[in-house]
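So the structure is just underneath, and the comments pick up after that.
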Amino acid sequence: MADSEGQKTAQKENIYQSISKEIVQPFKDLLHTSKALAGLNISYVLEGLTYFGVVTLLAIYFNDYIGLNDINAGIMVSILTAGITLSMLFIGATVDWIGARRAILYSLVFMLAGRILLAAAPGAMGTKGMGSSSHIMAMLGILGIVIGYGVYQPASYAAVKLWTNEKTAAMGYAMLYALMNLGGFLPGIISPPLRKAFGIPGVFYVYSVLTIAGMGVVAFFITKKSMAEAEAIAKATGGIKDTIEEKDDFDNLTGKEKLRFYIKHFPLRDKRFLYFIFILIPVQTLFAHNWLTIPQYTSRAFSGFVSDNFEFFSNFNPILIFILTPMVAAFTAERNTYKMMILGTFVMASPTFLLALGPNIYTLFAFLIIMTIGEAVWQPRFLQWVAEIAPKGMTGIYMGIGQFPWFLTKMITGLYSGWFLTRYCPRGVPPEQMHTEFMWFIYGLIAVISPVGLILAKGWMQKGFKTKHAE
Numbered sequence: 125m126a127d128s129e130g131q132k133t134a135q136k137e138n139i140y141q142s143i144s145k146e147i148v149q150p151f152k153d154l155l156h157t158s159k160a161l162a163g164l165n166i167s168y169v170l171e172g173l174t175y176f177g178v179v180t181l182l183a184i185y186f187n188d189y190i191g192l193n194d195i196n197a198g199i200m201v202s203i204l205t206a207g208i209t210l211s212m213l214f215i216g217a218t219v220d221w222i223g224a225r226r227a228i229l230y231s232l233v234f235m236l237a238g239r240i241l242l243a244a245a246p247g248a249m250g251t252k253g254m255g256s257s258s259h260i261m262a263m264l265g266i267l268g269i270v271i272g273y274g275v276y277q278p279a280s281y282a283a284v285k286l287w288t289n290e291k292t293a294a295m296g297y298a299m300l301y302a303l304m305n306l307g308g309f310l311p312g313i314i315s316p317p318l319r320k321a322f323g324i325p326g327v328f329y330v331y332s333v334l335t336i337a338g339m340g341v342v343a344f345f346i347t348k349k350s351m352a353e354a355e356a357i358a359k360a361t362g363g364i365k366d367t368i369e370e371k372d373d374f375d376n377l378t379g380k381e382k383l384r385f386y387i388k389h390f391p392l393r394d395k396r397f398l399y400f401i402f403i404l405i406p407v408q409t410l411f412a413h414n415w416l417t418i419p420q421y422t423s424r425a426f427s428g429f430v431s432d433n434f435e436f437f438s439n440f441n442p443i444l445i446f447i448l449t450p451m452v453a454a455f456t457a458e459r460n461t462y463k464m465m466i467l468g469t470f471v472m473a474s475p476t477f478l479l480a481l482g483p484n485i486y487t488l489f490a491f492l493i494i495m496t497i498g499e500a501v502w503q504p505r506f507l508q509w510v511a512e513i514a515p516k517g518m519t520g521i522y523m524g525i526g527q528f529p530w531f532l533t534k535m536i537t538g539l540y541s542g543w544f545l546t547r548y549c550p551r552g553v554p555p556e557q558m559h560t561e562f563m564w565f566i567y568g569l570i571a572v573i574s575p576v577g578l579i580l581a582k583g584w585m586q587k588g589f590k591t592k593h594a595e
């Protein structure tokens, strides 16, 4: 009996040691990475801060400083967020042609110009309203951000592919996603006092300065020498998948041969790839509501602390992503990607129905926490999957095409979110006279379409489901 008890105890200890090693080892592998990847990670934190900081305030900025109503303000935000995704589709392949470092630096220059124009638009021009001089200047600012970010994200993920190997890739992608969300949480802390002291344009000027800091980080950390060292480290530590040799082979092709290769391997020719990325649109609407609905919902349907500090709740999701994503990635690195997508999308969609119970700080926190757990399960895996199945020299275009449904999500959600706010969460109406419950119930029904669609297509999808590019 004692021997049996001892064996059970030993088995439990082995299980705990195995779990502990599974969590800790990917972090250890990533800590031995390169200066170039460290620079990319720092840049991603700063960019997460500036991007999420701007987008959280953007609808209210268009309401209060440009003079637009909820419907038009929502459309303006969607033009920014959806425009970024469309930009990735058309210019995401820039990194495949000019390299990661130059692509990232050029993208930050465009984003800096755009953020300065946004900050200056209300003060530099006198008129307000749709089509006014202030509105046109603000839209030019959005254009700069759209162009810049359309290059920045594909370039960053292409860089991770180059500077990691099979042991560090999963954690490399997860950390990139998590660090951007760490930056995305920080506006919830720094934005309220800045907004109260200097207004939203003043906050945008601060984000412009941080964009300059990000350019300095890239210039200092991501040099030709550090990039060469990063590729060498990834190759020396094993399992690099011949990425460097692939890049060299692709560079040696003529322009006509590159074009022929692009046409042959163009991702839109794969029906399973198309279904997989488009079925995620419904659940991705919850991402869009983080900036299209949550800021107005928390500032209008609540009072006191929640209303006064709406940025904190609008940006609570990113800090949870920062904490959860690396841990989830460590647990699920060897798990089946498709099954993780089903689980993650279901967990993400289901808590939306909690908000259908009415405005309450406890259900609000429950929604944000459970939704984020689901996001941490599937979103980094999806981005890694797209990068891994991309043929040589085509990571940028695959990332761009993979993000195209995200463009549709942002556009579609922006078209109806303002209408729902006007009808069920209007500005200037006491919270007790609002009807936000129905709004969130409809949003929950939309979101659950994704896990249901993935389950229904499971047999067909898994027959030819790729996990990495076939040589």
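The opening residue of the sequence shown carries number 125 in the numbering used here; numbering runs sequentially from there.
For glycine and all other residues, C-beta sits at the position ideal for the given N, C-alpha and C.
Could you check the C-alpha separation between Gly198 and Met263 for me, to the nearest Å? 13 Å
One question on the structure: do Met261 and Ala245 come within less than 8 Å of each other, judged by their Cβ atoms? yes
Closest to Met200 by C-alpha separation, out of Met212, Phe214, Ser211 and Ile184, would be which residue? Ile184
Top-ranked residue by Cα proximity to Gly307, from Leu242, Val179, Thr409 and Tyr399: Val179
What would DSSP say about Gly552, mapped onto helix, strand or coil? coil
Do Ala282 and Val219 have their CB atoms nearer than 8 Å? yes
Buried or exposed for Pro317, going by 16 or more other Cβ atoms inside 10 Å? exposed
When you compare only the Cα positions, how much space is there between Met254 and Gly191? 7 Å
Pull up the distance between the alpha-carbon of Phe434 and that of Ser158, whole angstroms please. 38 Å
Give the straight-line distance between the Cα atoms of Phe455 and Asn196, rounded to the nearest whole angstrom. 43 Å
Contacts around Gly601, its chain only, beta-carbon distance under 8 Å, and the 5 residues preceding and following it disregarded: Since the first and last residues shown for the chain are 125 and 595, residue 601 lies out of range.
Residue range of the unbroken alpha helix (DSSP H) whose run includes Ile203: Asp194 to Ile215
Environment of Lys348 [buried if 16+ CB atoms lie within 10 Å]: exposed
Whole-angstrom C-beta distance between Gly338 and Ser167, which should lie under 8 Å: 5 Å
Grouping DSSP H, G and I as helix and E and B as strand, with all else coil, what is His413? helix
I'd like to know if Met304 contacts chain D, where contact means its C-beta is closer than 8 Å to some C-beta of that chain. No chain D appears in this structure, which consists of one protein chain only.
To the nearest angstrom, how far is the alpha carbon of Gly538 from that of Ala356? 45 Å
I need the DSSP call for Ile346, collapsed to helix, strand or coil. coil
In the DSSP assignment, find the unbroken alpha helix (DSSP H) run with Ser258 in it and report its ends. Ser257 to Trp287
Close beta carbons around Met351, own chain, < 7 Å, minus the five adjacent residues each side: Ala160 and Arg225
Do Met351 and the ligand ATP come close, with the Cβ less than 7 Å from some heavy atom? Only the bare structure without any ligand can be found here, which leaves the ligand ATP out of the picture.
How far does the alpha helix (DSSP H) with Tyr601 in it reach, from first residue to last? Past the boundaries of the shown model lies residue 601; the chain is included only from 125 to 595, so the question cannot be answered.
Rounded C-beta distance between Val576 and Val501? I'm assuming under 8 Å. Actually they do not touch by this definition, with Cβ atoms about 17 Å apart.
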